[in-house]
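S.K.: So that we are looking at the same thing, I have put the structure below in structure tokens.
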Ligand SMILES: Nc1ncnc2c1ncn2[C@@H]1O[C@H](COP(=O)(O)OP(=O)(O)OP(=O)(O)O)[C@@H](O)[C@H]1O
Ligand SMILES: [Mg+2]
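Chains as they are written, first to last, in this note's numbering: chain A, 1 to 287; chain B, 288 to 624.
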């Protein structure tokens, strides 16, 4: 197709696409290059007149093991959150796409999307109210059970995972819903007519055919969770120091923008490397 | 390979009755076509036999087994779908082998039977392709191979050829008939296309509003329709106007009955025909040439009649002029009014 475009057509295409490119330039490329520039500075130009260019911010990541430890911790958190999002999201999407028809589907859909409509801070603080000692969850459990239960979920890694899973679950459900919705019901009927059980249909037809959607959803969760800082800070307390919170500190507390920028770009590079390593799998899933 | 007995089956969707006390027998090894207008319940009947729907009343037997409460997974049927329904993530061989794998067939036997089935539909060379790399006709064959590879007791087809174009469809009809004869499987076939039904099947059932109107061999249904609906649905019927009945030789008395002729039974002439033939007078509206055959549309007492004959058998006639349509009295159809 692309070879067939004549020069005149290419010019017209360029004219048509130029607003989009301009927008990309202004909204993505410029801020990113500014950040990239900052990451090589010793100091911010407006604060210190004697600023210079350095690789020191990147060297800091390599010499101080705290950063790589925190990055590993954040990656582990992202893997855990992605895992639970898929584990909970897949059955939800499956039920939405294949079992429920008509009005009740719309109602359920609304409930899935609802977290999107609420402010994320409000959402996280609601979790704080639910999870804290003697909070809503503990009281409810103690109300039902005869013996005393102390959960102490607040300010633990578990609390961070719960908050993040809740925030990002809709992405997984929506992408999986779209993928499963696209699977023709006749395929399922055909498999049933050949004697396949529900489990066989899931394993040999639905899972393979929804794998691209599953991977897309996983990426949508994984990438932002590696750099997340709000949920860890509010729900994690003392346990909530992650790579994302350290970057945030550089920008809002320590005012070391060059180091914050360098750490951000290292994160970006790591995420790109991970996605690149996963892309053969992604490609294979699509054919 | 088994005979299928459907007895007094009623199937409702909410308040709507899709099948209304249907009883019909599908003979062992027979090729049965279900015909009927849209919404008459053909698909519902087929899917009830398959086990996707459970009837509210009545019994279904496949062979010696009562199956009305057995789910589709356990009914041991083969089914072919209108849009092929091939698994896009599997090769042709894996598609065909799906049912065998589910039944835990030993690997060597599985391989042999996949090869046999693909050979039967003449697709031996395509085993490793993906469905997306096949033409429409080839996909259809894969779907057929997949439906029969497990030696099911009955083969169910819901308008399997309607997605194909005309020439391919005729090829596939011949192919389908050949394969059905070769393996002798009881086959139930849903179609809109009466020509397809007549060429393929050895029995036909006509459905209307969830009821079987008439069932029997194609010739019998065509020559002796049970009512006006069957006469008009399978083939075309020219209805004799009440006023024209006197003076014609009819099978039985006209009381409470309607009479008709088939377009291909008629001959047309400018003068009144001789003794021994039934004839009506009309006005020639149009003569349509279609290669070997021609169609004449004639206005008979305000009704439009249709005549189909070899073009060379139709004399030159003045357009808009008076003509006589005549037929052998034995070819008159009679149905209850
Ligand atoms: N799943 C369903 N839910 C509700 N009503 C249905 C369902 N399936 C079929 N019906 C109704 O049952 C009747 C028979 O439908 P069916 O699909 O069997 O018709 P059909 O003869 O196959 O028509 P067509 O030639 O258009 O395919 C129709 O009135 C239809 O609206
Ligand atoms: Mg139908």
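In this text, a Cβ means the ideal position worked out from N, Cα and C, and glycines have one as well. Only a predicted model underlies this, so the values are computations on that prediction, with no experimental measurement involved.
Does the count of Cβ pairs from the stretch 320 to 332 of chain B and the stretch 254 to 272 of chain A closer than 8 Å reach three?
M.R.: These segments do not touch.
S.K.: Are there any heavy atoms of ligand 1 lying less than 8 Å away from the beta-carbon of residue 609 (chain B), as far as the coordinates show?
M.R.: The residue you call residue 609 (chain B) lines up with position 322 of the second chain. False, no ligand heavy atom lies under 8 Å from that Cβ.
S.K.: Looking at the structure shown, is residue 302 (chain B) part of a helix, part of a strand, or coil, going by DSSP?
M.R.: Locating residue 302 (chain B) in the second chain gives position 15, counting from the first residue. Residue state, collapsed to three classes: coil.
S.K.: Taking only beta carbons into account, state which residues of the stretch 183 to 208 of chain A come closer than 8 Å to chain B, listed in chain order.
M.R.: Per Cβ criterion, the list reads 184, 186, 187, 189, 190, 191, 192, 193, 194, 195, 196, 197, 200, 204, 205, 208.
S.K.: Cβ of residue 221 (chain A) within 8 Å of any heavy atom in ligand 2?
M.R.: Here the question's residue 221 (chain A) lines up with position 221 in the first chain. False, no ligand heavy atom lies under 8 Å from that Cβ.
S.K.: Just checking: is the beta-carbon of residue 1 (chain A) within a distance shorter than 9 Å of some beta-carbon in chain B?
M.R.: Counting from 1 along the first chain, the entry for residue 1 (chain A) is found at position 1. Low per-residue confidence applies at residue 1 (chain A): pLDDT is 45, beneath 50, and the placement is therefore not dependable enough to give any value.
S.K.: For residue 1 (chain A), which residues in the same chain have their Cβ closer than 8 Å to its Cβ, ignoring the five residues on either side in sequence?
M.R.: By one-based count along the first chain, residue 1 (chain A) stands at place 1. Residue placement at residue 1 (chain A) cannot be trusted, given a pLDDT of 45 that sits under 50; what the coordinates show is reported in the next sentence. Around residue 1 (chain A): no qualifying Cβ.
S.K.: With 16 other CB atoms within 10 Å as the buried threshold, where does residue 166 (chain A) fall?
M.R.: Taking the first residue of the first chain as position 1, residue 166 (chain A) is located at position 166. Classification of residue 166 (chain A): buried, given that the 10 Å Cβ count is 16 or more.
S.K.: Given a threshold of 16 other Cβ atoms within 10 Å of its Cβ, counted over all protein chains shown, does residue 99 (chain A) qualify as buried or as exposed?
M.R.: As a position in the first chain, residue 99 (chain A) is number 99, starting the count at 1. Burial call: exposed.
S.K.: Taking the continuous beta strand (DSSP E) assigned at residue 592 (chain B), which residues delimit it?
M.R.: One-based indexing of the second chain puts residue 592 (chain B) at position 305. 590 to 597 is the extent of the beta strand (DSSP E) around residue 592 (chain B).
S.K.: Comparing the C-beta of residue 410 (chain B) with each C-beta of chain A, is any distance below 9 Å?
M.R.: What you label residue 410 (chain B) is simply residue 123 of the second chain in a count that begins at 1. So, not an interface residue.
S.K.: Listed by chain order, which residues have C-beta atoms less than 7 Å from any heavy atom of ligand 2?
M.R.: For ligand 2, the selected residues are B:329, B:330, B:445, B:446, B:477.
S.K.: Select from B:457, B:430, B:436 the residue whose C-alpha is nearest the C-alpha of residue 445 (chain B).
M.R.: By one-based count along the second chain, residue 445 (chain B) stands at place 158. Of the candidates B:457, B:430, B:436, the one whose C-alpha sits nearest the C-alpha of residue 445 (chain B) is B:430.
S.K.: Hey, could you find the ends of the beta strand (DSSP E) residue 367 (chain B) is sitting in?
M.R.: What you label residue 367 (chain B) is simply residue 80 of the second chain in a count that begins at 1. That run of the beta strand (DSSP E) goes 364 to 367.
S.K.: How many Å lie between residue 115 (chain A) and residue 358 (chain B) at the Cα?
M.R.: Taking the first residue of the first chain as position 1, residue 115 (chain A) is located at position 115. Taking the first residue of the second chain as position 1, residue 358 (chain B) is located at position 71. Straight-line Cα distance between these residues: approximately 40 Å.
S.K.: At a threshold of 8 Å, does residue 325 (chain B) count as lining ligand 3 (C-beta to nearest heavy atom)?
M.R.: Ligand 3 is not part of the structure shown, which contains ligand 1 and ligand 2 as its ligands.
S.K.: I want to check one thing, is the minimum distance from the CB of residue 386 (chain B) to the heavy atoms of ligand 1 below 8 Å?
M.R.: As a position in the second chain, residue 386 (chain B) is number 99, starting the count at 1. Incorrect: residue 386 (chain B) has no Cβ contact closer than 8 Å to ligand 1.
S.K.: Taking the beta carbon of residue 67 (chain A) as the centre, do at least 16 other beta carbons fall within 10 Å, making it buried, or is it exposed?
M.R.: Start at 1 with the first residue of the first chain, and residue 67 (chain A) comes out as number 67. That one is buried.
S.K.: Report, in whole angstroms, the separation of the C-beta atoms of residue 432 (chain B) and residue 404 (chain B), which I expect to be a contact under 8 Å.
M.R.: Taking the second chain and counting its residues from 1, one reaches residue 432 (chain B) at position 145. Taking the second chain and counting its residues from 1, one reaches residue 404 (chain B) at position 117. Right, their Cβ atoms sit about 4 Å apart.
S.K.: Since residue 303 (chain B) contacts residue 369 (chain B) with CB under 8 Å, what's their CB separation in whole angstroms?
M.R.: Indexing the second chain from 1 puts residue 303 (chain B) at position 16. Indexing the second chain from 1 puts residue 369 (chain B) at position 82. With 8 Å as the limit, residue 303 (chain B) and residue 369 (chain B) do not qualify as a contact, their Cβ atoms being about 22 Å apart.
S.K.: Cα separation between residue 605 (chain B) and residue 562 (chain B)?
M.R.: Here residue 605 (chain B) is taken as the residue at index 318 of the second chain, counted from 1. Here residue 562 (chain B) is taken as the residue at index 275 of the second chain, counted from 1. For residue 605 (chain B) and residue 562 (chain B), the distance between alpha carbons rounds to 24 Å.
S.K.: Taking only beta carbons into account, state which residues of the stretch 334 to 352 of chain B come closer than 9 Å to chain A, listed in chain order.
M.R.: Answer set for the stretch 334 to 352 of chain B: 334, 337, 338, 339.
S.K.: What is the DSSP secondary structure of residue 132 (chain A), reduced to helix, strand or coil?
M.R.: Walking along the first chain from the start, residue 132 (chain A) turns up at place 132. Three-state result, residue 132 (chain A): coil.
S.K.: Based on Cα-Cα distance, which residue from A:269, A:258, A:273 lies nearest to residue 57 (chain A)?
M.R.: As a first step, residue 57 (chain A) is located in the first chain; it is residue number 57 there, counting from the start. Among A:269, A:258, A:273, the Cα nearest to that of residue 57 (chain A) belongs to A:258.
S.K.: Does residue 138 (chain A) pass the burial test, meaning 16 or more other C-beta atoms within 10 Å, or should it be called exposed?
M.R.: Numbered from its first residue, the first chain carries residue 138 (chain A) at position 138. Buried: at least 16 other Cβ atoms inside 10 Å.
S.K.: Does residue 360 (chain B) come within less than 9 Å of chain A when only Cβ atoms are used?
M.R.: Taking the second chain and counting its residues from 1, the one referred to as residue 360 (chain B) is at position 73. At least one chain A Cβ lies under 9 Å of residue 360 (chain B).
S.K.: Less than 7 Å between C-beta atoms, sequence neighbours within five positions excluded: which residues of the same chain meet that for residue 245 (chain A)?
M.R.: Numbered from its first residue, the first chain carries residue 245 (chain A) at position 245. 229, 232, 233, listed in sequence order.
S.K.: Specify, as a first and last residue, the run of the alpha helix (DSSP H) that residue 333 (chain B) falls within.
M.R.: In the second chain, residue 333 (chain B) corresponds to position 46, counting from 1. Note, residue 333 (chain B): alpha helix (DSSP H), 329 to 337.
S.K.: Touch check for the stretch 174 to 183 of chain A and the stretch 118 to 129 of chain A: three-plus C-beta pairs under 8 Å?
M.R.: Touching, no.
S.K.: Exposed or buried, residue 292 (chain A), counting other C-beta atoms within 10 Å across all chains shown (16 or more means buried)?
M.R.: Summary: the structure shown does not reach residue 292 (chain A), with chain A confined to residues 1 through 287, and so no result is reported for it.
S.K.: In the DSSP assignment, the alpha helix (DSSP H) including residue 193 (chain A) goes from what residue to what residue?
M.R.: For the purposes of this step, residue 193 (chain A) is taken as residue 193 along the first chain, with counting starting at 1. Segment 185 to 193, the alpha helix (DSSP H) holding residue 193 (chain A).
S.K.: Looking at C-beta atoms only, is the number of pairs between the stretch 495 to 504 of chain B and the stretch 460 to 473 of chain B that lie closer than 8 Å three or more?
M.R.: Not touching, per the Cβ criterion.
S.K.: Is the number of C-beta pairs between the stretch 346 to 356 of chain B and the stretch 512 to 520 of chain B that are closer than 8 Å three or more?
M.R.: Segments in contact, no.
S.K.: Give a yes or no on whether the minimum CB-CB distance between residue 291 (chain B) and chain A is below 9 Å.
M.R.: Here residue 291 (chain B) corresponds to residue number 4 of the second chain, with the count starting at 1. False, the Cβ-Cβ gap to chain A never drops below 9 Å.
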